[in-house]
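Trainee: The structure is given below, and queries will be raised subsequently.
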Amino acid sequence: MAAETRNDAFVAFERVQKSYDGVTLVVKDLNLSIGKGEFLTMLGPSGSGKTTCLMMLAGFETATNGEIRLDGQPINQVPPHKRGIGMVFQNYALFPHMTVGENLAFPLEVRGMGKSDRDDKVKRALDMVQMFSFINRRPAQLSGGQQQRIALARALVFDPKLVLMDEPLGALDKQLREHMQFEIKHLHERLGITVVYVTHDQGEALTMSDRVAVFNDGRIQQLATPSDLYERPENSFVAQFIGENNKLPGTIEELSGDKALVRLQTGELIDATPVNVKQKGAATLVSIRPERVEFKPEMMPPGAHMIDAEVLEIIYMGDILRAVLRVAGSDEFVMKMRNTLGQTKLVPGQKIKVGWHPQDARALDP
Amino acid sequence: MAEATDPVTQTALLTTADGRPLKTALAEAQAKARRRAFLLVVPLILFVIMTFLIPIGYMLKRSFEHDGFASSAPAMVAWFAANPDFDPTNPPEEAYAALVSDLARMQVEKTTGMAGTRINYSVPGTISLFKGGARAAKNLTPPFKEALLAVDAEWGRPALWRGMQSASHVYTAEFYLVASDRKLTDDGWARGGDKERIYLYLFFKTFLISGIITFLCLLLAFPVAHLLATLPMAKSSLLMIFVLLPFWTSLLVRTTSWIALLQEQGVANDLLVALGLITEEGRLTMMYNMTGTIVAMTHVLLPFMILPLYSVMKVIPPSYARAARSLGATSWTTFRRVYLPQTLPGIAAGSLLVFILAVGYYITPALVGGADGQLISNLISFHMSKSNWSLAAAIAAMLLASILLLYWLYDRLVGIDRLKFG
């Protein structure tokens, strides 16, 4: 959260609000600072306001209230073509009536650059994405992945300081998407540009970003590094949105510093780390990642609570085994086990005890 | 070459599992579906043949055919056939004899008008000559040459003899010559005087007016189509109703409402006078002239431009314009370099459609065109009403040919496959 007050922010949103109809706010009081050279991802379900934020930054939407600054300058009144921001669109938006070369030369041409300089830059940008041999093709003659690379090269060819990407990999198949994620990440590292990336794919957000802003309901729910976001979600929305997650409702029985004892609705006591619960007796939702659930007592820290569970189903997934358990009256408790040689084989109907390290169970708002 | 032929020989050798050639098996497998598909389109094919191909073929035939003279003057037909190289400046006595016998026969069979009309196409002013000649024919005695010339010296005109020789054939290209402002003079076919060149001038004017109308339609339709394509659904549907409203109104009503608006005592003039922009004496003539034709036809044809444009614009994603803007293009450059080129198939389709419709338009210019707002189709209609079928057909055929030429040009320049009508 410290980054939000940074004064040397390259991109800054300050108290930004956006409404389309004058009745409801799509973006509610957004404050966000993005450092130079940072890869920041805006992650959230559709309708959470993330794309609107990107569009306001690009200049295609005007902020209803608040200020957006780029490199220290307010840009609310600057038209999109004067912002010098590169943008990659979800459907690539390559001009179909121009060749790849013409597409790349377009931003240079409108800047009045001479032909030989233009050709140099186009060649360099195409080499960067290993697509120079396609310079005379038309976008329709390229595959999705190839179009994506060209779109990337076009957004970078005029050396923008900031590049916005609006779900650029959404239309690609899984394997290509993963490949492109690394490619974009490497380009970002090599060129030292600032990237603001919008996606609804949490895996993508976690792999690529320096920091992730999780959007919901027009607000940033959490702004953190990928590991913090995954391991230390600050509220139940983030916990549920990022990765798989077991939820156990209960009330705070004991609260002391960074330890809490939670009594579940079925009466069992469990250990948890308090995150945003304030007092004893408050209702809470305890969140535990499936891969952090243990069923072998020897793996548990001394004195940790374990509770009864019944194996309902074992799903074989290759690298992991997924056990669906009945825990505290819920039939949807999931435990993931690594598929190692010596892994204990569980069978449906088997009664076991499960537990976790207290720091892996986070007591959140209900 | 060897590479290209190899796969062919291979496929020729391929057989199905039970040993039949693959091609035969495929054809048999698809034959039933193909027969059924064909049966479905048979009514349409018949309809098109009956109502489109046959009438057009008939029209084309009529533009080359006229037996008004050939059927009523058998002696002349026989004589012209026997003496194809006669001297039209001084036809011999036998020719006059044949002519007199035919004239007498026409008087009896009452075919003088038909024959005269046929000759009249190429040599104007001959209907009354034929009527006079036919009335006098049975009282004429040899030598017929002097006798007939005594009835009317016009009978000796070389142009007339050339005309009769040509008319003795049922099939002729003469009507196309007439429709190109040629006429038969004493020295053969020649261009008519300046005042007589009505057809080519009218062709030119028709194409010019159609061009103006197409351009005006494009100018008016482009923003409307863009609005239709970009507005939210509810608003664009409402706007679409306004665009289609003219389609649901009678053409006659629409045209006459323009008369009410634009005539000298009409709404537009009244308003201009009331505003003091023009004086009572200076009322503008916007109706019953070329202006009236252009205004009313632009209105009538506007939807034909809007709809193809709309269908093309609708599928242009807004992200193209956004991409161009983010790459540094001003809104004008974005329009010119990115948006406009992508609407070209729509512009081409709309323009072609409006132009072709305008070139053949009849009712609107007939109602509001006055004297100088008439188009070529009004002339076709005029000749049809005068039973000059062959000439009307020849003009229509020329119109058809010029449209086909335009279509061919369009295909060469833009490509028919890029056409999008909506």
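Top line first, the protein sequences correspond to chains A and B. If you use our numbering, the first sequence corresponds to residues 1 to 366, in order. If you use our numbering, the second sequence corresponds to residues 367 to 788, in order. Yeah, the Cβ is synthetic: ideal placement off N, Cα and C, and Gly gets one too.
Going along chain B in order, which residues have a C-beta closer than 7 Å to the C-beta of Asn91/A?
Mentor: Pro683, Ser685, listed in chain order.
Trainee: Report the rounded CA-to-CA distance for Tyr542/B versus Ala525/B, giving the unit in angstroms.
Mentor: Going by the C-alpha atoms only, they are around 18 Å apart.
Trainee: Compute the Euclidean distance between the alpha carbons of Asp331/A and Leu321/A, then round it to the nearest angstrom.
Mentor: Rounded to whole angstroms, Asp331/A to Leu321/A spans 17 Å at the Cα level.
Trainee: Does the count of Cβ pairs from the region 267 to 275 of chain A and the region 353 to 365 of chain A closer than 8 Å reach three?
Mentor: As far as the Cβ criterion goes, the region 267 to 275 of chain A touches the region 353 to 365 of chain A, which means the pair count is three or higher.
Trainee: Decide if Tyr462/B is buried, meaning its Cβ has at least 16 other Cβ atoms within 10 Å, or exposed.
Mentor: It is buried - the Cβ of Tyr462/B has at least 16 other Cβ atoms within 10 Å.
Trainee: Leu693/B CB to nearest chain A CB: under 8 Å?
Mentor: Leu693/B counts as touching chain A.
Trainee: Let me make sure I understand the geometry here. Which of Gly712/B, Tyr654/B, Asn505/B has the alpha-carbon closest to that of Ser677/B?
Mentor: The shortest Cα separation from Ser677/B among Gly712/B, Tyr654/B, Asn505/B belongs to Gly712/B.
Trainee: Just the C-alpha distance for Leu625/B and Leu605/B, rounded to the nearest angstrom, thanks.
Mentor: First, the residue type needs correcting, since residue 625/B is Ile and not Leu in the sequence shown. Roughly 25 Å between the two C-alpha positions.
Trainee: If you draw a straight line from the C-alpha of Ala695/B to the C-alpha of Ala63/A, how long is it?
Mentor: C-alpha separation (whole angstroms): 22 Å.
Trainee: Ignore the nearest five residues each way along the sequence and tell me which others in Leu380/B's own chain have a CB closer than 6 Å to its CB.
Mentor: Same-chain partners within the cutoff: Leu388.
Trainee: Among Pro457/B, Leu412/B, Phe404/B, Ala662/B, which has the Cα closest to the Cα of Pro509/B?
Mentor: When each option's Cα is compared against that of Pro509/B, the closest is Pro457/B.
Trainee: Thr51/A and Val163/A - do their beta-carbons sit closer together than 8 Å?
Mentor: No, the Cβ-Cβ distance between Val163/A and Thr51/A is not below 8 Å.
Trainee: Starting from the C-beta of Glu4/A, find all residues in its chain whose C-beta is less than 6 Å away, skip the five residues before and the five after it, and write them out in chain order.
Mentor: Its pLDDT being 42, under 50, Glu4/A is placed unreliably by the model, and the measurement read from it follows with that caveat. Excluding residues within five positions, the ones whose Cβ falls inside 6 Å are Asn31, Ser33.
Trainee: Is any beta-carbon of chain A found at less than 8 Å from that of Val704/B?
Mentor: Closer than 8 Å: yes.
Trainee: Pair every Cβ in the region 173 to 185 of chain A with every Cβ in the region 198 to 209 of chain A, then say whether three or more of these pairs are closer than 8 Å.
Mentor: Yes, the region 173 to 185 of chain A is in contact with the region 198 to 209 of chain A.
Trainee: Closer than 9 Å between beta carbons: that is the criterion. Which residues of the region 700 to 730 of chain B meet it against chain A?
Mentor: Listed by position, the residues of the region 700 to 730 of chain B near chain A (Cβ gap below 9 Å) are Thr700, Arg703, Val704, Pro707, Gln708, Leu710.
Trainee: Using a Cβ-Cβ distance under 8 Å, would Thr696/B count as near chain A?
Mentor: By this cut-off, Thr696/B is an interface position.
Trainee: Indicate whether Glu520/B and Leu550/B have their beta-carbon atoms separated by less than 8 Å.
Mentor: The answer is no: Cβ separation not under 8 Å.
Trainee: Can you find a C-beta in chain E that's less than 8 Å from the C-beta of Ala595/B?
Mentor: Judged by its chain identifiers, the structure shown contains no chain E, and its protein chains are A and B.
Trainee: Got a sec, what are the start and stop residues for the beta strand (DSSP E) Glu646/B sits in?
Mentor: Unbroken run through Glu646/B: none, as it is neither H nor E.
Trainee: Ordered along the chain, which non-local residues of its own chain (more than five positions away) have a Cβ less than 8 Å from that of Ala282/A?
Mentor: So the list reads Thr251, Ile252, once near-sequence residues are dropped.
Trainee: I'd like to know whether the C-beta of His200/A is nearer than 8 Å to at least one C-beta of chain B.
Mentor: For His200/A, the answer is no, since every Cβ of chain B falls outside 8 Å of its Cβ.
Trainee: Does the ligand ATP have a heavy atom nearer than 7 Å to the CB of Lys351/A?
Mentor: Absence of the ligand ATP is noted for the structure shown, with no ligands found whatsoever.
Trainee: Does the CB of Ala689/B have a neighbour CB from chain A at under 8 Å?
Mentor: Ala689/B counts as touching chain A.
Trainee: Can you pull the chain B neighbours of Arg15/A, defined as C-beta to C-beta under 8 Å?
Mentor: By Cβ distance, chain B contributes nothing, its closest Cβ being about 25 Å from Arg15/A, past 8 Å.
Trainee: With DSSP as the reference, label Gly498/B as helix, strand or coil.
Mentor: Three-state result, Gly498/B: helix.
Trainee: Under 8 Å Cβ to Cβ from Met87/A, same chain only, skipping five residues before and after it: list those, please.
Mentor: Answer for Met87/A: Ala58, Ala155, Val163, Leu164, Met165, Asp166, listed in chain order.
Trainee: Please confirm whether Arg362/A has its beta-carbon closer than 8 Å to some beta-carbon of chain B.
Mentor: It does not: the Cβ of Arg362/A has no partner Cβ on chain B nearer than 8 Å.
Trainee: Going along the chain, which unbroken runs of the beta strand (DSSP E) with 3 or more residues stay wholly within the region 36 to 108 of chain A?
Mentor: Runs found: 39 to 43, 65 to 70, 85 to 88.
Trainee: Tell me which same chain residues have a C-beta within less than 8 Å of the C-beta of Asp372/B, skipping the five on either side of it?
Mentor: At Asp372/B the pLDDT is 48, less than 50, meaning the model places this residue with poor confidence; the figure from the coordinates comes in the next sentence. Nothing listed; no residue qualifies.
Trainee: Just the Cα atoms here: how many angstroms apart are Met663/B and Leu405/B?
Mentor: Cα to Cα, the separation comes out at about 40 Å.
Trainee: Between Gln240/A and Ser46/A, what straight-line distance do the alpha-carbon atoms span, to the nearest angstrom?
Mentor: Gln240/A and Ser46/A: Cα-Cα distance of roughly 15 Å.
Trainee: Excluding sequence positions up to five away, which residues of its chain have a Cβ less than 6 Å from the Cβ of Phe721/B?
Mentor: The answer, listed in chain order, is Ser576, Thr580.
Trainee: Does chain B have any CB closer than 8 Å to the CB of Arg6/A?
Mentor: Since pLDDT at Arg6/A reaches only 46, below the 50 mark, its modelled position is unreliable, and no value is offered.
Trainee: When you compare each of Phe430/B, Tyr686/B, Tyr727/B to Ile660/B by their alpha carbons, which one comes out closest?
Mentor: With distances taken between Cα atoms, Ile660/B lies closest to Tyr727/B.
Trainee: Under 8 Å between C-beta atoms, does Gly144/A make it to chain B?
Mentor: With 8 Å as the cut-off, Gly144/A does not count as an interface residue toward chain B.
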